[in-house]
Amino acid sequence: AAEAALQRSEESYRTIFQHASDAIWVHDLHTGEFIEVNEAACETYGYTADEMLALGVPGMSVNRAPFTLEQAALYLQRAAAGEPQRFEWLGRHKDGTEIWGEIRLRRVHFRGEERILATGRDIRDRKLAEAALRQANEALEARVAERTAELAASNAALAQEVAEHARAKEALLGRTRELEGIFQALPDLYFRLGADQTILDYRAGSGDALYAPPERFLGRRLREVMPAEICDDFDAAFAAAPPDGLVCVEYPLALADGRRDYEARFLPLGDGTRISVIRDITDRKEAERALAEREAHFRRLIENSSDQVMIVDTAGAITYIGPSVERLLGYRPEEMLGMIPTDIVHPDDVPEVMATIGRLVARPTEMFTVQYRVRHKDGRWRVFENVANTLVPGVVESGLVANCRDITERVEAERALRERDEYFRRMIENAGDFVMIVDRAAAATYVGPSVTRMLGHAPEEMIGNRPADNVHPDDVPGVLRDFE
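Numbering (full-length UniProt numbering), first residue to last: 1 to 484.
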């Protein structure tokens, strides 16, 4: 019976170890080599367990500062000395892509030996969110990966076998100590609930994370401890899920130090009880709210802008266009989605537009301006000035964003002004008299071509001359008085 209990305990531990959503590695205390890896680690990094055991930390790291093998060895040395380590690490997937992970190292007693337990959480989503938030005023944190709720299921099984035999009892106690070490290394809260939602057991790395002290919730139902509206959300989620399905509920909770956001995951067990893992997702929710606010702010700016804002993907198709396009070109925004912008650009202007796109692709950190004619829905040609750069600074693959301004009236006004200037220039050049423009010092700044016929001077010879240079000395005072 004792051996059977130990075997069941081992099977329970193995189930939790292999089905945990976080990557878990067990290191040799002295060499740092992998001794065991779980399925989540293999799925995250794309290797089989044998490949990962053979590669070790060197084969899975990018090995560039600050993520060098020397730094990895330093973290392992500190953990081996009994100092828990928590840090971010840049690893490499089997397909060559880089993976951000949040790594925790802790020295644990594992199967009668001192080992280093490493848990890894895929934080690529969080890194992407942080980058997006920096683009939208330096504020976005990333969504963190899910953690398993099954990690503590073996604790109840171990407790049921304690009294059978001394050797079995010692084995179960040893396994419990191992699991406690794992729980201490993880930031989530674990609860086991009865069929009537009575709180039977809990595990927490820190008591500070609990909503209430254990003596206030152990042996009591959720509705006696948690706010009614949150329990209503739990019940609704339970009712909507399959009997053996995983239930996930996000909810806010008012604490003494302010509001926090949590994610609760409930997994039913065969005996009618449930295990629940509670994760603090406040940082993620605040990042999502900040991003949503920034997106709403910029969307309002775009939708109320007199200019046209357009986003084009790497294939050249429009993926977003602001509502001002209907006022500027007569198209509804949905008519433009998927369109290639050059389809409505004047054929004579397409080469310059494509050349500008080529310059932008070659120098994605710069901003480029191009002027071209574009066809209105009613067939008229409008002149646009387009300022474009990459959607994500310096990343061509993110697509292009363009701010388009209708400058038709300005171009027509400039052309009319040039024509008028040319008209008056011809009038002056063909006038019988010669025309001269002088500045405040009475120096000539322009002299019409008729001066050659009348005085024999080329116009450029007269530039800068004053009355005394060409007027009879007796007439200079009168001319100056007239200027004054």
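Built from N, CA and C at the ideal position, the CB exists for glycine as well.
Rounded separation between residue i and residue j - CA only
i           : j       : result
Asp-50      : Ala-228 : 49 Å
Asn-38      : Phe-17  : 6 Å
Ile-281     : Tyr-251 : 10 Å
Arg-373     : Pro-58  : 57 Å
Thr-44      : Glu-83  : 26 Å
Ser-21      : Ala-40  : 6 Å
Leu-55      : Ala-290 : 40 Å
Gly-101     : Asp-307 : 42 Å
residue 486 : Leu-253 : Outside the shown range of the chain, which is 1 to 484, sits residue 486, and nothing can be said about it.
Val-471     : Gly-478 : 10 Å
Arg-405     : Thr-314 : 22 Å
Val-411     : Phe-424 : 20 Å
Ile-230     : Ala-237 : 11 Å
Arg-92      : Val-396 : 23 Å
Gly-120     : Met-336 : 45 Å
Ala-241     : Asp-233 : 12 Å
Gly-464     : Val-451 : 14 Å
Ala-443     : Pro-449 : 17 Å
Gly-322     : Glu-385 : 16 Å
Pro-347     : Arg-363 : 25 Å
Trp-25      : Leu-128 : 25 Å
Thr-68      : Trp-381 : 59 Å
Glu-98      : Val-62  : 8 Å
Gly-219     : Ala-136 : 47 Å
His-376     : Arg-453 : 52 Å
Glu-422     : Leu-400 : 40 Å
Glu-288     : Thr-15  : 34 Å
Met-436     : Val-447 : 4 Å
Thr-356     : Val-325 : 22 Å
Arg-415     : Glu-409 : 10 Å
Phe-191     : Pro-213 : 13 Å
Val-370     : Glu-130 : 33 Å
Tyr-320     : Asp-95  : 32 Å
Phe-483     : Gly-358 : 57 Å
Helix, strand or coil at residue i according to DSSP, with G and I counted as helix
i           : result
Thr-48      : coil
residue 489 : The first residue shown for the chain is 1 and the last is 484, placing residue 489 beyond what the model contains.
Ile-16      : helix
Tyr-423     : helix
Met-60      : helix
Ala-145     : At Ala-145 the pLDDT is 36, less than 50, meaning the model places this residue with poor confidence and gives no usable figure here.
Asp-349     : coil
Asp-406     : strand
Thr-119     : strand
Thr-31      : coil
Val-309     : strand
Arg-284     : helix
Ser-210     : Per the sequence shown, the amino acid found at residue 210 is Leu instead of Ser. Three-state result, Leu-210: coil.
Ala-254     : strand
Met-436     : strand
Val-471     : coil
Thr-314     : coil
Glu-164     : coil
Gly-358     : helix
Leu-218     : coil
Leu-246     : coil
Span of the beta strand (DSSP E), counted from its first residue to its last, around residue i
i       : result
Leu-391 : 381-392
Ile-318 : 318-321
Ile-74  : Going by the sequence as given, residue 74 is Leu instead of Ile. It is not in any beta strand (DSSP E) - Leu-74 instead sits in the alpha helix (DSSP H) that spans 69-80.
Gly-478 : Where Gly-478 is concerned, there is no enclosing beta strand (DSSP E), although the alpha helix (DSSP H) it sits in stretches over 476-483.
Glu-98  : 98-110
Asp-28  : 23-28
Thr-369 : 368-375
Glu-88  : 85-92
Leu-200 : 199-204
Arg-192 : 189-193
Where the alpha helix (DSSP H) through residue i begins and ends
i           : result
Leu-222     : 222-225
Leu-329     : 324-329
Arg-124     : 124-135
residue 489 : Since the first residue of the chain shown is 1 and the last is 484, residue 489 is not available in this structure.
Ser-276     : That residue, Ser-276, is in no alpha helix (DSSP H); its beta strand (DSSP E) goes 274-280.
Ile-230     : 228-240
Thr-445     : Premise fails: Thr-445 lies in the beta strand (DSSP E), 444-447, not in any alpha helix (DSSP H).
Arg-453     : 450-455
residue 485 : Shown here, the chain extends from 1 to 484; a query on residue 485 therefore has no answer.
Glu-461     : 459-462
Residue i: CB within 6 Å of a non-hydrogen atom of the ligand FMN
i       : result
Val-401 : Among the ligands in the structure shown, none appear at all, so the ligand FMN cannot be discussed.
Proximity test, Cβ basis, 7 Å: residue i and chain C
i       : result
Ala-413 : Given the protein chain composition of this structure (a single chain), no chain C is represented.
| query | Within the chosen definition, does the stretch 232-247 reach the stretch 259-275 through at least 3 CB pairs nearer than 8 Å? | reply | Judged by Cβ distances under 8 Å, the stretch 232-247 makes contact with the stretch 259-275, as three or more pairs qualify.
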